[in-house]
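*Asks:*
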Amino acid sequence: MVSKKFSMLAAGVAVLALGLSACSSDDGDTKTDAGSSSTGDTGGSSGDTIKVGFSQVGAESGWRAANTKSIQDTLTKENGFDLSFSDAQQKQENQIQAIRSYIAQGVDYIAFSPVVETGWDAVLQEAKSANIPVILTDRAVDTQDKTLYKTFIGSDFVEEGKRVGEWVSNNLGTEPINVVELQGTTGSAPAIDRKQGFLDATKDNTNIKIIASQTGDFTRDGGKKVMEGFLQSNPDIDVVYAHNDDMALGAIEAIEAAGKTPGKDIKIVSIDGVKDGMTALSEGKINYIVECNPLLGPDLAKIIQTLHDGGTVEPRIVTQDGAFDQEQAKAALPDRQY
Ligand code: AHR
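Position one of the sequence shown corresponds to residue 1 (this note's numbering), numbered consecutively onward.
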């Protein structure tokens, strides 16, 4: 079977790296209730390939483009998958519609990165009733019922915000500073968690004052517009905390248009580590970046293959992220994949 190719590829690395187990679950090849546990289902596959429906958030950022490419490059026919992919354009209603369509098509697995955290129970219950296992990638859902999905793979966003906050506190917060925050999409897991992590890390440093906070929707344009407004109403901005690189890059444009020097007159810290962000960091326009790894395709494929083979997966799989200052960005850039 073609799908075995991926199984072979995954063997050895996946088990340790992802908390996957190749051991059969109790019922082995038998299809079970999708939400009963994190054990594997065989799903409704017929033929050689595993049918996967993937609902993506949108195309809002460089990170998202890299994430989409990673998924599409990995869940290929050659690797044993038949991928249906849809772009929700940052709208929850589009994602719900896509998931319902995957249920109607009878795919074997549904994977998605939820645009916002809440409001998923009904549609996930529909997938569960149809015995279609769901895998969350990148972003979490807020639900009491953890049986509605098999696993959630992605970064620890609270930790990312915390690492940025610690860097700001240690490197800039030795004197009073005014911080403005460019938040991600309202209601999304990364916006909620990155805000929280930053606040947790800086709460005891009385030098750090957040004077304005607004969403730029994770887009470059949004970051630019919000930063223009911040600059007009606040003459004394010392630091920009951007929840992603794209908004930081938009802020750079606004700061330069206002006649100031990004990275010097106004320091910038952000999250992601995409090529454009790393380039700006290497040029001194951004001061520090905590990485968020978008290359989730191979891990997603391993998870699906493991479930399909009757193995088990941990309910939460956290990906590992680095962090970069200017010199580290210069060193990392030549080999940066995204
Ligand atoms: O969910 C991950 C976040 O979404 C990335 O940090 C951001 O760039 C993207 O839009």
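From the three backbone atoms N, C-alpha and C, an ideal C-beta is built for every residue, glycine too. Fair warning: this is a prediction, and the values are worked out from it, not measured in the lab.
1. Could you tell me if V168 is buried or exposed, where buried requires 16 or more neighbouring beta carbons within 10 angstroms of its beta carbon?
2. Decide yes or no for the touch test of the region 236-254 against the region 202-220: beta carbon pairs closer than 8 Å, at least 3 of them.
3. Would the region 88-96 count as touching the region 130-142 if we require 3 or more Cβ pairs under 8 Å?
4. Looking at the unbroken beta strand (DSSP E) that takes in N205, where does it start and where does it end?
5. Taking the alpha helix (DSSP H) that S188 belongs to, which residues open and close that run?
6. Leaving out five residues before and five after L85 in sequence, what residues of the same chain have Cβ atoms less than 7 Å from its Cβ?
7. Under three-state DSSP, which class holds E253?
8. Does the Cβ of D299 have 16 or more other Cβ atoms within 10 Å, making it buried, or fewer, making it exposed?
9. Where does A242 sit, in a helix, a strand or coil, going by DSSP?
10. With 16 as the cutoff for other CB atoms within 10 Å, does K105 come out buried or exposed?
11. When you compare each of Q144, P190 and A111 to F152 by their alpha carbons, which one comes out closest?
12. Flag E60 as yes when its Cβ comes closer than 6 Å to any non-hydrogen atom of the ligand AHR, and as no otherwise.
13. Quick one: what's R316 bridged to in DSSP?
14. Under 8 Å, with one C-beta from each stretch per pair, do the region 175-186 and the region 198-214 reach the 3-pair mark?
15. Quick check on the burial criterion: 16 or more other C-beta atoms within 10 angstroms. Buried or exposed for K77?
16. Over what stretch of residues does the alpha helix (DSSP H) that includes V134 continue unbroken?
17. Determine the burial state of V313: buried for a count of at least 16 other Cβ atoms within 10 Å of its Cβ, exposed for fewer.
18. Is the beta carbon of A345 sitting closer than 7 Å to the one on L231?
19. Confirm the yes/no value for this check: CB of R139, any heavy atom of the ligand AHR, distance under 6 Å.
20. Taking all protein chains shown into account, decide if S129 is buried (16 or more other Cβ within 10 angstroms of its Cβ) or exposed.
21. What separation, rounded to the nearest whole angstrom, lies between the Cα atoms of E175 and G119?
22. Taking only three categories from DSSP, how would you classify G35?
*Replies:* Judging by the given coordinates:
1. Classification of V168: buried, given that the 10 Å Cβ count is 16 or more.
2. Segments in contact, yes.
3. Contact fails: fewer than three Cβ-Cβ distances are below 8 Å.
4. Where N205 is concerned, there is no enclosing beta strand (DSSP E), given that its DSSP letter is neither H nor E.
5. It is not in any alpha helix (DSSP H) - S188 carries neither H nor E in the DSSP assignment.
6. According to the sequence provided, residue 85 is Phe. The question's Leu does not apply to it. Within the same chain, F85 has close Cβ partners F54, Q56 and Q72.
7. Residue state, collapsed to three classes: helix.
8. Result: buried.
9. A242: strand per DSSP, three-state reduction.
10. What sits at residue 105 in the sequence shown is Gln, not Lys. Counting Cβ neighbours within 10 Å, Q105 comes out exposed, since fewer than 16 surround it.
11. When only C-alpha atoms are compared, the closest one is A111.
12. Yes, the beta carbon of E60 sits closer than 6 Å to at least one heavy atom of the ligand AHR.
13. F152, per the DSSP bridge assignment.
14. Touching, yes.
15. Taking all protein chains in view, the Cβ of K77 is surrounded by fewer than 16 other Cβ atoms within 10 Å, so the residue is classified as exposed.
16. Taken as a continuous stretch (DSSP letters only), V134 belongs to no alpha helix (DSSP H), being part of the beta strand (DSSP E) at V134 to T137.
17. A residue is called buried once 16 or more other Cβ atoms fall within 10 Å of its Cβ, and V313 is buried on that count.
18. Shown here, the chain extends from 1 to 338; a query on residue 345 therefore has no answer.
19. For the ligand AHR, at least one heavy atom lies less than 6 Å from the Cβ of R139.
20. Classification of S129: exposed, given that the 10 Å Cβ count is below 16.
21. About 42 Å.
22. With a pLDDT of 27 at G35, under the threshold of 50, the predicted position of this residue should be treated as unreliable, though the coordinate-derived value follows. When DSSP states are grouped into helix, strand and coil, G35 belongs to the coil group.
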